[in-house]
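In full-length UniProt numbering, the protein residues as written are 1 to 134. All C-beta atoms in this analysis are idealised placements derived from N, C-alpha and C, irrespective of residue type, glycine included. Just so you know, these numbers come straight off a predicted model, no measurement behind them. I have placed the structure first, in the form of structure tokens, so that the comments after it can refer back to it.
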């Protein structure tokens with residue numbers, strides 16, 4: 001007796017023969033971004049990718065994953081830096097004075113200034129400026 005093929009007992013044609021070609025990727029990159037570079041930046045990135053033996057897009061992805069991002073300075077930290085800049089100017093003036101009038105006359109002024117600088121640096125370090133990795 002000859003077997004008849006009804007719609008319910010037809011062989012599944014998709015499992016009958018495997019298609020050739022490249023197997024599907026485990027991770028499919030389906031989102032793209034447009035990033036603008038200057039010609040110099042592009043040349044620098046291409047050069048670094050070539051040295052690393054990577055395609056430019058692979059190098060950029062790798063750089064983005066391993067980048068260390070640091071928070072911007074807070075207004076308080078900017079104030080500390082501004083005061084440090086003023087202290088640096090004072091130190092330069094005291095150094096000039098020391099060369100003119102001799103070292104003993106400005107020793108006390110330097111000690112006060114160094115203590116102020118130390119205090120500002122301590123404040124800057126303790127302000128909790130951290131990168132995004134902890």
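Please go through the same chain and pick out, in chain order, the residues whose beta-carbon is closer than 6 Å to the beta-carbon of residue 132, but skip the five residues on each side of it.
In the chain shown, counting from the first residue as 1, residue 132 sits at position 132. Caution applies to residue 132, whose pLDDT of 48 falls short of 50 and renders its modelled position unreliable; the model cannot decide the point.
Helix, strand or coil for residue 112? Go by DSSP, reduced to three states.
Numbered from its first residue, the chain shown carries residue 112 at position 112. Here residue 112 sits in helix by DSSP.
Classify residue 106 as buried or exposed, calling it buried when 16 or more other Cβ atoms lie within 10 Å of its own Cβ.
Counted from its first residue, the chain shown places residue 106 at position 106. The residue is buried, with at least 16 neighbouring Cβ atoms inside 10 Å.
Leaving out five residues before and five after residue 45 in sequence, what residues of the same chain have Cβ atoms less than 8 Å from its Cβ?
Your numbering for residue 45 matches position 45 in the chain shown. Closer than 8 Å at the Cβ level, and outside the excluded window around residue 45, lie 37, 56, 59 and 60.
On a CA-only basis, which of 97, 86 and 100 is nearest residue 117? Give me that one, please.
Residue 117 sits at position 117 when you count from the first residue of the chain shown. The option with the nearest alpha carbon to residue 117 is 86.
Rounded to whole angstroms, what's the CA-CA distance from residue 99 to residue 126? Just pull it up for me.
Numbered from its first residue, the chain shown carries residue 99 at position 99. Numbered from its first residue, the chain shown carries residue 126 at position 126. Near 35 Å, if we compare the C-alpha coordinates of residue 126 and residue 99.
Measuring only from the beta carbon, is residue 33 closer than 8 Å to any heavy atom that is part of the ligand NAP?
Annotation note on the ligand NAP: not contained in the displayed structure, which lists no ligands.
Taking the alpha-carbon positions, what's the residue 93 to residue 72 distance?
Working through the chain shown from its first residue, we reach residue 93 at position 93. Working through the chain shown from its first residue, we reach residue 72 at position 72. Distance between the alpha carbons of residue 93 and residue 72: 31 Å.
Considering only the beta carbon of each residue, do residue 91 and residue 113 sit closer than 9 Å?
Reading the chain shown from its first residue, position 91 is the one you call residue 91. Reading the chain shown from its first residue, position 113 is the one you call residue 113. Yes; because the gap between Cβ atoms is below 9 Å, this pair is in contact.
Could I get the ranges of all uninterrupted alpha helix (DSSP H) runs contained in the stretch 40 to 93, with 4 residues as the minimum, in chain order?
With a minimum length of 4 residues, the continuous alpha helix (DSSP H) runs that stay inside the stretch 40 to 93 are 56 to 66.
Note down the Cα distance separating residue 123 from residue 40, rounded to an integer number of angstroms.
Residue numbering aside, residue 123 sits at position 123 when the chain shown is read from its first letter. Residue numbering aside, residue 40 sits at position 40 when the chain shown is read from its first letter. Cα-Cα distance, rounded: 39 Å.
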